Amino acid sequence: MKNRWQHYPLISTQLQAVNDCIHQRIICDNPSLETALLTMADNGGKYLRPALLLLTARACNPQNGAHDDRLVKVAASIEVLHMATLIHDDIIDDSPKRRGAVSIQARFGKDTAVYAGDLLFTVFFDLLIETMPGSSYLTTNARSMRQILNGELGQMGQRFNTQQGLKDYLKNVNGKTAALFRLAAREGAHFGGGDERLTGPAARFGQNLGIAFQMLDDILDYTGGQELNKPVLEDLATGVYSLPLLMALQQPATATKLSPLLAKKRQMTLADMQRVQEIVIASDAVKASRQLASRFTNKAIENLTKLPDNRARRLLHQMATQLLKRTM
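Reminder that position 273 of the sequence shown reads as 272 in numbering that gives the first Met the number 0, one-by-one numbering, no gaps.
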């Protein structure tokens, strides 16, 4: 477990406590369901969102120690919500793998996967009730869940739409990915003891970081290896067009090459998809996508300057810059 938290030594004890909390909460009476949940919990998640929450809490209040039980539970709630959305995404996409391992829905069946996601939602709500009774952050969490759903619904509504623009993409990413980053940073600032002068910039930091994170994910799906990555295969097969493809479609000459292939929609062959990847990589779309991701990373770093200058803030700065440089 040590290697899992090596990038966050300042909060490694708290991250271990988050991990322990999640494992305790997913114990249930159904053996298959419990095995599925433990499998998901042990499949190598980096706990990026809990780390974001805990580091933001430390940045706003460096005296916040490693034994704040409420912060640990709030951080666990963020990861549990993330896990639930991943399981349900895999069911919708019929994904055979998740984090390099067989997905819950592929290994245990869709019925168990649905119940696993549902149980995680109940754990999420239990943790909220325990940590923030009567708090306005119950409403904040509810609104964040709606934003995540709206982002997913917006993406679904744009399927196979070659005319969608960057504005549509950003609107959906702000929901399906950035909303949870924003929530993590905002809750970290608030429950770490920060006032509104800190929670606002922290929330904006998380949001911009989340947008950049999703953009880099989209880029790596196209450039991560010689073979077409699984996410690109799934996205093209279901009509979900990520950033590099949308950037390529904005270039008239490239769009002319892509249009006949994309017009096949669900009838696209593997060879068609590989050709789409080749066309996208041969264009300036990846470069343009990286430039856009860099813009949002820089926005996040600018937001970060509004927080007190300390070790935790420097680690958040490092997190932002390393996400932009990652290759997997």
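Glycine included, each C-beta is placed from N, C-alpha and C at the ideal position. This one's a predicted model, so the numbers in the text were calculated from it and none came from an experiment.
### Query
Shortest alpha-carbon distance to Ala40 belongs to which of Arg57, Leu54, Leu80?
Here the closest residue by C-alpha is Leu80.
#### Entry: the region 96-109 / the region 240-258 touching (three or more Cβ pairs under 8 Å)
By the criterion of at least three beta-carbon pairs nearer than 8 Å, the region 96-109 is not in contact with the region 240-258.
### Task
Give the straight-line distance between the Cα atoms of Leu242 and Lys175, rounded to the nearest whole angstrom.
In a straight line, the C-alpha of Leu242 is about 14 Å away from that of Lys175.
#### Entry: Pairwise C-alpha distance: Thr138 and Glu277
Taken atom to atom, the span from the alpha-carbon of Glu277 to that of Thr138 is near 45 Å.
### Task
Give the straight-line distance between the Cα atoms of Val73 and Ala178, rounded to the nearest whole angstrom.
If you draw a straight line from the Cα of Val73 to the Cα of Ala178, it comes to about 16 Å.
### Message
Using a Cβ-Cβ cutoff of less than 6 Å, which residues in the same chain neighbour Asp68 once the five nearest sequence positions on both sides are dropped?
### Response
Answer for Asp68: no residue qualifies.
### Query
Is it buried or exposed for Thr255, if we count other Cβ within 10 angstroms and need 16 for buried?
By the neighbour-count criterion, in which 16 or more other beta carbons inside 10 Å mark a residue as buried, Thr255 falls on the exposed side.
### Message
Below 8 Å on the Cβ atoms is my contact criterion, and I expect Phe212 with Ala184 to pass it. Report the Cβ-Cβ distance as a whole number of Å.
### Response
In fact, because the Cβ distance is near 12 Å, the residues do not count as touching under 8 Å.
### Message
Extract the residue ranges of the alpha helix (DSSP H) inside the region 75-161, only unbroken runs of 4 or more that lie entirely within it.
### Response
Listed in chain order, they are 103-107, 109-130, 136-156.
### Query
At a cut-off of 7 Å, is Lys324 close to the ligand COA when judged by its beta-carbon and the heavy atoms of the ligand?
Annotation note on the ligand COA: not contained in the displayed structure, which lists no ligands.
### Query
Taking Asn413 as the reference, which of Asp216, Val275, Thr237 has the closest Cα?
What is shown of the chain runs 0 to 327, which leaves residue 413 out entirely.
#### Entry: Cutoff 6 Å; reference Gly150; Cβ partners in own chain excluding five residues on either side
Same-chain partners within the cutoff: Asn171, Gly174, Lys175.
### Check whether Leu37 and Tyr114 have beta carbons under 8 Å apart
Contact: no.
### Query
Given Gln317, which residues of its chain have a CB within under 7 Å of its CB, disregarding the five upstream and five downstream residues?
Taken in chain order, the list of residues that qualify is empty.
### Task
Just confirm the distance between the C-beta atoms of Ala16 and Gly187, as a whole number of angstroms; I'd bet it's less than 8 Å.
That belief does not hold up - the Cβ atoms of Ala16 and Gly187 are roughly 15 Å apart, past 8 Å.
### Message
When you compare the CB positions of Ala58 and Ala319, do they come within less than 8 Å of one another, or not?
### Response
Not in contact: Ala58 and Ala319 (Cβ atoms no closer than 8 Å).
### Query
What is the DSSP secondary structure of Ala262, reduced to helix, strand or coil?
Note: Ala262 maps to coil in three-state DSSP.
### Query
Taking Cβ positions, are Phe180 and Gly209 nearer each other than 8 Å?
Contact check for Phe180 against Gly209 passes: the beta carbons are separated by less than 8 Å.
### Task
Tell me whether Val285 sits in a helix, a strand or coil according to DSSP, three-state version.
Of the three classes helix, strand and coil, the one that applies to Val285 here is helix, per DSSP.
### Task
For Cys20, name the three-state secondary structure that DSSP assigns.
In the structure shown, the three-state DSSP call for Cys20 is helix.
#### Entry: Leu306, DSSP secondary structure in three states
For Leu306, the secondary structure class from DSSP, reduced to helix, strand or coil, is coil.
### Query
In the structure shown, what three-state DSSP assignment does Thr38 receive?
In this structure, Thr38 counts as helix in the three-state DSSP scheme.
### Task
Tell me whether Ser241 sits in a helix, a strand or coil according to DSSP, three-state version.
Here DSSP, grouped into helix, strand and coil, assigns Ser241 to coil.
#### Entry: Check whether Gln23 and Val71 have beta carbons under 8 Å apart
In this structure, Val71 does not lie closer than 8 Å to Gln23 by Cβ.
### Task
Below 8 Å on the Cβ atoms is my guess for Gly116 versus Ile86; work out the distance and round it to an integer in Å.
Contact check for Gly116 and Ile86: beta-carbon distance about 4 Å, within the 8 Å limit, so the pair qualifies.
### Query
Out of curiosity, what's the CA-to-CA distance linking Gly108 and Asp93?
Answer to the nearest angstrom: the Cα atoms are 10 Å apart.
### Query
By the 10 Å Cβ neighbour count, where 16 or more other Cβ atoms means buried, how is Phe95 classified, buried or exposed?
It should be pointed out that residue 95 corresponds to Pro in this sequence rather than to Phe. It is exposed - the Cβ of Pro95 has fewer than 16 other Cβ atoms within 10 Å.
### Task
From the DSSP output, in three-state form, read off Pro61 for me.
The DSSP-derived three-state label of Pro61 is coil.
### Query
Got a sec? Which residues, its chain only, sit under 8 Å from Lys263 by beta carbon, not counting five neighbours each side?
If the five residues before and after Lys263 are omitted, its C-beta is found closer than 8 Å to the C-beta atoms of Asp271, all from its own chain and listed in chain order.
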